[in-house]
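Student: Below: one structure in structure tokens.
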Amino acid sequence: MHWPAIRIIAFSQCRDINSTLRTSTSNAILRAEPVEGSCPWKWAPTCKWVAFMLTANLTQRHPIPKSIFLLEENRQAMIRVHRMPSARSGLHVCVPPLYWYSDYVAIIQFIEIWKLQGASHFYIYYQSISRVVLNVIRAYAKQGIVTIIEWRLVPRSTIDPNRSIYRIGHSLAHNDCLLRSNGRFVALVDIDEFIIPK
324 MHWPAIRIIA FSQCRDINST LRTSTSNAIL RAEPVEGSCP WKWAPTCKWV
374 AFMLTANLTQ RHPIPKSIFL LEENRQAMIR VHRMPSARSG LHVCVPPLYW
424 YSDYVAIIQF IEIWKLQGAS HFYIYYQSIS RVVLNVIRAY AKQGIVTIIE
474 WRLVPRSTID PNRSIYRIGH SLAHNDCLLR SNGRFVALVD IDEFIIPK
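All letters in the sequence shown, in the order written, are residues 324 to 521 by this note's numbering.
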């Protein structure tokens, strides 16, 4: 029998993660795997904060909870649970976080070329973009073909993790997009990348 699984995508420093997931009815041990396969990632060895996928299988027949608690040592955080969409249709396109981005013409070109290739929906993540770029993607969002996701920097305390996260965590954004999308096919591409069939 297949029990439901809870997946959490998160940033963490390279370390062993010993966390427990608690629901209103049970506890489960979380398995933590670096999204890039290693920590630190071989392509960015000086970046000490990486994306992790935390997974727990629920082992009892209960309704999927609306929220869960992530427990580690003496700390806990409540996290809302979002169901993955089940309907699968079309080609969706995921764009990792844009930062310091101002080329609105390239955005229009990107969306229109992908539409010609059959793309029906776009997920555009952004951290810092010009007002003109934001207005362009909002116009597409009003048409219902773009979902805009603000990608905030990780909060600072005594250290600033953002100084040690490669490309603002594009791998985490890619995984977030895969979990959000209900596309039958999903392309994970930068704003200057296209797939052109022969």
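A virtual CB, placed ideally from N, CA and C, is assigned to each residue, including glycine. If you're wondering where the values come from, they're calculated on a predicted model, not measured in any experiment.
State the Cα-Cα distance for the pair residue 513 and residue 472, rounded to the nearest angstrom.
Tutor: Locating residue 513 in the sequence shown gives position 190, counting from the first residue. Locating residue 472 in the sequence shown gives position 149, counting from the first residue. Cα to Cα, residue 513 sits roughly 15 Å from residue 472.
Student: Are the beta-carbon atoms belonging to residue 423 and residue 517 less than 8 Å from one another?
Tutor: To locate residue 423, count along the sequence shown from 1; it is residue 100. To locate residue 517, count along the sequence shown from 1; it is residue 194. No, they are not a contact pair.
Student: Residue 476: which of 506, 372, 396 sits nearest, CA to CA?
Tutor: Here residue 476 corresponds to residue number 153 of the sequence shown, with the count starting at 1. The shortest Cα separation from residue 476 among 506, 372, 396 belongs to 372.
Student: Hey, how far is the Cα of residue 511 from the Cα of residue 415?
Tutor: For the purposes of this step, residue 511 is taken as the residue at position 188 of the sequence shown. For the purposes of this step, residue 415 is taken as the residue at position 92 of the sequence shown. Roughly 9 Å between the two C-alpha positions.
Student: If you count every other CB in all the chains shown that lies within 10 Å of the CB of residue 506, and 16 or more means buried, which is it?
Tutor: Position 183 of the sequence shown holds residue 506. Flag for residue 506 reads buried.
Student: Under the three-state reduction of DSSP, which class applies to residue 433: helix, strand or coil?
Tutor: For the purposes of this step, residue 433 is taken as residue 110 along the sequence shown, with counting starting at 1. Note: residue 433 maps to helix in three-state DSSP.
Student: Check this for me: beta carbons of residue 448 and residue 420, under 8 Å apart or not?
Tutor: The count along the sequence shown starts at 1 and reaches residue 448 at position 125. The count along the sequence shown starts at 1 and reaches residue 420 at position 97. Their beta carbons are under 8 Å apart, which means residue 448 touches residue 420 by this criterion.
Student: If you reduce the DSSP assignment to three classes, tell me which class residue 353 lands in.
Tutor: The sequence position of residue 353 within the sequence shown is 30, counting from 1. Three-state DSSP puts residue 353 in coil, outside helix and strand.
Student: Are residue 417 and residue 504 touching if we call contact CB-CB under 8 Å?
Tutor: The residue labelled residue 417 in the question sits at position 94 within the sequence shown. The residue labelled residue 504 in the question sits at position 181 within the sequence shown. Yes, the pair counts as a contact, with Cβ atoms nearer than the cut-off.
Student: Going by Cα to Cα distance, which pick from 499, 459, 378 is closest to residue 432?
Tutor: Residue numbering aside, residue 432 sits at position 109 when the sequence shown is read from its first letter. When only C-alpha atoms are compared, the closest one is 459.
Student: Measure the beta-carbon distance from residue 329 to residue 374 and round it to whole angstroms, keeping in mind my assumption that it falls under 8 Å.
Tutor: Reading the sequence shown from its first residue, position 6 is the one you call residue 329. Reading the sequence shown from its first residue, position 51 is the one you call residue 374. 17 Å between Cβ atoms; not a contact.
Student: Do the CB positions of residue 500 and residue 427 come within less than 8 Å of each other?
Tutor: Position 177 of the sequence shown, counted from the first residue, corresponds to residue 500. Position 104 of the sequence shown, counted from the first residue, corresponds to residue 427. Not closer than 8 Å, so no.
Student: Nearest to residue 337 by CA position, among 358, 331, 327, 441, is which residue?
Tutor: As a working note, residue 337 is residue 14 in the sequence shown. It is 358.
Student: Which class does residue 509 belong to by DSSP, given the choice of helix, strand or coil?
Tutor: Your numbering for residue 509 matches position 186 in the sequence shown. Of the three classes helix, strand and coil, the one that applies to residue 509 here is strand, per DSSP.
Student: Which residue wins for smallest C-alpha separation from residue 466, given the options 355, 444, 457?
Tutor: Working through the sequence shown from its first residue, we reach residue 466 at position 143. Of 355, 444, 457, the residue nearest in Cα terms is 444.
Student: Within 10 Å of its beta-carbon, does residue 462 have 16 or more other beta-carbons around it, so buried, or fewer, so exposed?
Tutor: Within the sequence shown, numbered from 1, the residue matching residue 462 stands at position 139. With fewer than 16 Cβ atoms within 10 Å of its Cβ, residue 462 is classed as exposed.
Student: Out of 355, 515, 388, 368, point me to the one whose CA is closest to residue 349's CA.
Tutor: On the sequence shown, position 26 is the one that residue 349 refers to. Minimum Cα distance to residue 349 is reached at 388.
Student: Would DSSP call residue 394 helix, strand or coil?
Tutor: Looking up residue 394 in the sequence shown gives position 71. Reduced to three states, the DSSP call for residue 394 is strand.
Student: What distance in whole Å lies between the Cβ atoms of residue 333 and residue 377, which are believed to be in contact at a cut-off of 8 Å?
Tutor: Position 54 of the sequence shown, counted from the start, is the residue given in the question as residue 377. Position 10 of the sequence shown, counted from the start, is the residue given in the question as residue 333. Confirmed, about 6 Å.
Student: The beta strand (DSSP E) with residue 457 in it runs from where to where?
Tutor: What you label residue 457 is simply residue 134 of the sequence shown in a count that begins at 1. Element bounds for residue 457: not the beta strand (DSSP E) but the alpha helix (DSSP H), 454–465.
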